[in-house]
DNA sequence: TAGATCGTTTGTGTAGAGCAAATCATTTAT
DNA sequence: ATAAATGATTTGCTCTACACAAACGATCTA
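Protein chains in written order, with our numbering: chain A, 1 to 174; chain B, 1 to 174.
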């Protein structure tokens, strides 16, 4: 196992902050999206479909990080409202290719328009430039991870955790 | 009601991305934190306590955006492990002032150390500089919102939503 | 023809999280 | 001094998200 390129930075961990901020966004998003018959996960799904193109259900479940079983119901919702379409793949007729409809694209745009108000509230401390910066960082991060480039990291995470937990009562090295 | 300073930017909405990325972080964080007897919310609470200092429970619930009823149980967990302390406030003896203990600070540092592996996996597309940038953006955003500077926005959100939902079948203006 | 794969349905279990009501200690107002 | 309000707590209810498992039909592949 190779060296872990992990440890040496300043202790600035984004995890908790990310959690915090996204919780704020989500709660507000729920009330904003509800009247248009969407929930955050629907919006997320539509966004992914637009930004990464049509996709088979398995792939979609993987990028969304949710169980494919649960994705079915999610897609049922969206299809019932005509926002997405399931086409059978010509190459493999077992597969469903999920794609955004025109109606879906319009609804997505409208939902994002509504989300502007939420972001204005939650990100009020950031200038427009900074929000744009934040957007591109998030975009870059999610896009790459979706390409599942970092699968090998899983092992190193586990061993790393072992190391962290092992010395549970010893003083912490800085 | 004043003008809404909302609409004119390019349609780059961070909401969904934030949701997406934080989901990725959270699921991984769960498995990383579990062996040290923490869950994401615990980590978040400890982080807030460190970064914003001691706080009464109401204030804490507000910043965390969770119900104060549920906070009680959360703090019980943390107190049972000696990570936080509830002191009665001298000025108002009904109040509990929650503060991080030394043990808690150490555990927090250790947890963040463990989280480095998670972030390495999820943010692998970002350079160290970019992660630092992301951190400071998130930091800035959360810090300000915690200062509840943006309370007035709530109304404008509501009216904005009204406007968005009203024209549900009309074409979308760009 | 047999086995594997994709999507689907159904069902189960657990955790997160809001909400409501009642209680105790304490503070504030009258 | 008494009444009302407040902060924390407890209990209990409900809803949703989400993972997991089992079984089925359609289809592909060996």
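Cβ coordinates follow ideal geometry from the N, Cα and C atoms, glycine included.
Helix, strand or coil at residue i according to DSSP, with G and I counted as helix
i: residue 171 (chain B); result: The predicted position of residue 171 (chain B) is uncertain, since its pLDDT is 41 and thus under 50; no value can be drawn from it.
i: residue 55 (chain B); result: strand
i: residue 156 (chain A); result: Residue confidence for residue 156 (chain A) is low, a pLDDT of 46 falling below 50, so the modelled location carries little weight and cannot support an answer.
i: residue 110 (chain A); result: helix
i: residue 92 (chain B); result: coil
i: residue 123 (chain A); result: coil
i: residue 20 (chain A); result: helix
i: residue 70 (chain B); result: helix
i: residue 102 (chain A); result: helix
i: residue 15 (chain A); result: helix
i: residue 37 (chain A); result: coil
i: residue 77 (chain A); result: helix
i: residue 2 (chain A); result: Model confidence at residue 2 (chain A) stands at a pLDDT of 49, short of 50, so the residue's coordinates are unreliable; what they give is reported in the following sentence. Residue state, collapsed to three classes: coil.
i: residue 7 (chain A); result: Residue placement at residue 7 (chain A) is poorly supported in this model, since its pLDDT is 48, which falls under 50; the coordinates are not used for a value here.
Closest residue to residue i among the options (Cα-Cα distance)
i: residue 15 (chain A); options: B:42, B:100 and B:58; result: B:42
i: residue 62 (chain A); options: B:107, B:24 and B:35; result: B:24
i: residue 26 (chain B); options: A:135, A:88 and A:65; result: A:65
i: residue 39 (chain B); options: B:139, B:52, B:73 and B:60; result: B:73
i: residue 55 (chain A); options: A:127, A:109 and A:87; result: A:87
i: residue 96 (chain B); options: B:84, B:105, B:102 and B:123; result: B:84
i: residue 69 (chain A); options: A:77, A:78, A:20 and A:58; result: A:58
i: residue 138 (chain B); options: A:143, A:140, A:142 and A:126; result: A:126
i: residue 141 (chain B); options: A:143, A:33, A:53 and A:130; result: A:130
i: residue 104 (chain B); options: B:135, B:37, B:71 and B:90; result: B:37
i: residue 107 (chain A); options: A:22, A:45 and A:98; result: A:45
i: residue 51 (chain A); options: A:115, A:100, A:111 and A:31; result: A:100
i: residue 112 (chain A); options: A:13, A:12 and A:47; result: A:47
i: residue 28 (chain B); options: A:102, A:76, A:19 and A:31; result: A:19
i: residue 21 (chain A); options: A:136, A:77, A:119 and A:33; result: A:119
Those residues which DSSP pairs with residue i across a bridge
i: residue 97 (chain B); result: B:56 and B:87
Per-residue contacts from residue i into chain A (C-beta, under 9 Å)
i: residue 27 (chain B); result: 65
i: residue 103 (chain B); result: In chain order: nothing, as chain A lies at least about 10 Å away.
Chain-ordered neighbours of residue i on chain A, where CB pairs are closer than 8 Å
i: residue 119 (chain B); result: 13, 14 and 15
i: residue 137 (chain B); result: 126, 130, 133, 134 and 137
Partner residues on chain B for residue i, Cβ-Cβ distance less than 8 Å
i: residue 39 (chain A); result: Within chain B, no residue comes near residue 39 (chain A); the closest Cβ sits about 11 Å away, beyond 8 Å.
Chain-ordered chain B contacts of residue i [CB-CB under 9 Å]
i: residue 59 (chain A); result: Going along chain B, no residue has its Cβ under 9 Å from residue 59 (chain A), so there is no contact; the nearest lies around 15 Å.
i: residue 100 (chain A); result: Residues of chain B passing the Cβ test: none, with the nearest at roughly 14 Å.
i: residue 97 (chain A); result: Residues of chain B passing the Cβ test: none, with the nearest at roughly 21 Å.
Within chain A, partners of residue i - CB distance below 7 Å
i: residue 20 (chain B); result: 44 and 142
i: residue 47 (chain B); result: 16
i: residue 86 (chain B); result: Per Cβ cutoff of 7 Å: no residues; residue 86 (chain B) is ~21 Å from chain A at best.
i: residue 62 (chain B); result: The contacting residues do not exist; residue 62 (chain B) stays about 11 Å from chain A at best.
The ligand GTP heavy atom lying under 6 Å from the CB of residue i
i: residue 33 (chain B); result: In the structure shown, the ligand GTP is absent, as is every other ligand, since no ligand is present at all.
Per-residue contacts from residue i into chain B (C-beta, under 7 Å)
i: residue 197 (chain A); result: Limits of chain A in this structure are 1 at one end and 174 at the other, which puts residue 197 (chain A) out of reach.
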